[in-house]
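Asker: Take a look at the following structure, please.
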Amino acid sequence: GFCVYSPTCLASFSCTLTNWIQNPQQGYRIGKMAVKTMHRFNVVAESASLVYMSVYSTVATLVEPFQACADMLHEGYKLALTKGDSVMAAVNLVQMVPQLLFGGTKLTSLKQEIISQLNRENQNSQKAFTPYLLIFQDTLSVLVGDQEALSPTMEADLIDKRSDTVPLDYLDCLSHLRLLSSYWLGQYERAKHYAEKKIGKGRVQFRIITSEFYHGLSLVGMFRRKNKNSLIRRVKKSLTIVKDAAKNSQWNFENKVFLLRAELASISGKNDEAVEMYEKAIEGAKRSKFIHEEGLACELAGFHHSRSGDKVNAMRNFYHARMCYGEWGSQM
């Protein structure tokens, strides 16, 4: 039967089903059961921070909107702070930030939240989550436009400082966000490097799928420079993985499918298909409130129109992209 300990056990089991057994539908069902059981036994104050962290960091992200998952993690974060549990608050924040980042949250407000948490960490004797927070801060500084490159010493510093007090998956998180930053900086070879370090080594499905998306886009960027067919074969593999994810969550992943398809059509000379897919990617990102990916789809569509000689539509898309990036808070 169920008891007061059932919610945390069910939440842990849902993570195992999703990330190790790779059964996201069943994992999600068990995860939602964990949340309902927590409310049934009225142990929200005692269990919510851990249950929300487990379910909404890795399980629900494959089904529910990133923004909704971030909201639940924020609830866990606030409950932990209310209890004076700074460690569990940091755990929820560490899982919440990537959801907010990929969900299109304004970068400046997110960066301020990280600075506040870093200040709290500095007041504690335990600094287990400082490496994560520094990764987030560096990533956000790049995306906002405060710095034009990733901190060159950070990765070496993090590796040197690794100890039993540092969460085991922080290097996986590092590669994930380094891949993201490198792509946005236009450093496609570097993005490919981090993707190859990341993919197949971590177990968090949210990171794997979003890595595949940016890996695929990076490989298209490399193809435009090197024209190697092996790169296109790998892009198609990324597309297949993201398409499978979209079956469980059109909100989170369908616009990414359209954008990868648009880029493949563009480099294949299929102009009509490319234009259609870019428009669907823009509309899908807008519908899901992914302002950053709406801007990205517009930017890539602008480059496609420019290459095909359609200067009017190129400028229209570039202007739209600039408006989206401005709303996101990026000046890159």
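According to this note's numbering, the sequence shown is numbered sequentially starting from 233. Here a beta-carbon is modelled for each residue, glycine too, at the ideal position from N, C-alpha and C. Bear in mind the structure is a predicted one, so any value in this text is a computation, not a measurement.
Where do the N-terminal and C-terminal ends of the alpha helix (DSSP H) with Glu559 fall, by residue?
Answerer: Lys543 to Trp560
Asker: Below 8 Å on the Cβ atoms is my guess for Ser281 versus Met270; work out the distance and round it to an integer in Å.
Answerer: So it is not a contact: roughly 11 Å between Cβ atoms.
Asker: Grouping DSSP H, G and I as helix and E and B as strand, with all else coil, what is Trp416?
Answerer: helix
Asker: Looking only at its own chain, which residues have a Cβ that is under 8 Å from the Cβ of Ala277, when we skip the five neighbours before and after it?
Answerer: Leu311 and Lys315
Asker: Does the region 346-355 touch the region 535-550, meaning 3 or more C-beta pairs lie closer than 8 Å?
Answerer: no
Asker: Among Cys241, Tyr446, Pro330 and Glu444, whose alpha-carbon lies nearest the alpha-carbon of Ser286?
Answerer: Cys241
Asker: Is there a Cβ from chain D that is less than 7 Å from the Cβ of Phe368?
Answerer: Protein chain content of the structure displayed is limited to a single chain, and chain D is not contained in it.
Asker: Using CA coordinates, which residue listed in Phe438, Thr290, Lys458 and Gly558 is at the minimum distance from Ser244?
Answerer: Thr290
Asker: Would you call Arg439 buried or exposed, if buried means 16 or more other Cβ atoms sit within 10 Å of its Cβ?
Answerer: By the neighbour-count definition (other C-beta atoms within 10 Å, threshold 16), Arg439 is a buried residue.
Asker: Short of 7 Å in beta carbon distance, which residues of its chain neighbour Val326, apart from the five on each side in sequence? Order them along the chain.
Answerer: Phe361 and Tyr364
Asker: Assuming Ile367 and Leu406 are in contact, meaning their beta carbons sit under 8 Å apart, how far apart are those beta carbons, in whole angstroms?
Answerer: 5 Å
Asker: Please name the residue in Met265, Leu471 and Leu463 whose C-alpha comes closest to that of Pro239.
Answerer: Met265
Asker: Which ranges does the beta strand (DSSP E) cover as unbroken runs of at least 3 residues, wholly within the region 274-308, from first to last along the chain?
Answerer: none
Asker: Any idea what DSSP makes of Lys338, helix, strand or coil?
Answerer: Residue state, collapsed to three classes: coil.
Asker: In whole angstroms, what separates the C-alpha of Ala477 from that of Lys469?
Answerer: Going from the Cα of Ala477 to the Cα of Lys469 covers about 13 Å.
Asker: Hey, how far is the Cα of Glu495 from the Cα of Leu528?
Answerer: If you draw a straight line from the Cα of Glu495 to the Cα of Leu528, it comes to about 12 Å.
Asker: If distances are taken between C-alpha atoms only, which option among Glu428, Glu421, Ser462 and Ile473 comes closest to Ser450?
Answerer: Glu421
Asker: Leaving out the 5 sequence neighbours to the left and right, which residues in its chain are closer than 8 Å to Ile499 when beta-carbon positions are compared?
Answerer: Val452, Phe455, Arg456 and Ile464
Asker: Nearest-angstrom Cα distance between Lys268 and Lys460?
Answerer: 51 Å
Asker: Using the rule of at least 16 other Cβ atoms within 10 Å of the residue's Cβ for burial, across every protein chain shown, is Val467 buried or exposed?
Answerer: In summary, Val467 is buried, with 16 or more beta-carbon neighbours lying within 10 Å of its beta-carbon over all protein chains present.
Asker: State the Cα-Cα distance for the pair Asn354 and Ser318, rounded to the nearest angstrom.
Answerer: 12 Å
Asker: Name the two residues that bound the continuous alpha helix (DSSP H) containing Val474.
Answerer: Note, Val474: alpha helix (DSSP H), Asn461 to Ala478.
Asker: Nearest-angstrom Cα distance between Glu486 and Glu515?
Answerer: 10 Å
Asker: What did DSSP end up calling Met564 once you bin it into helix, strand or coil?
Answerer: coil
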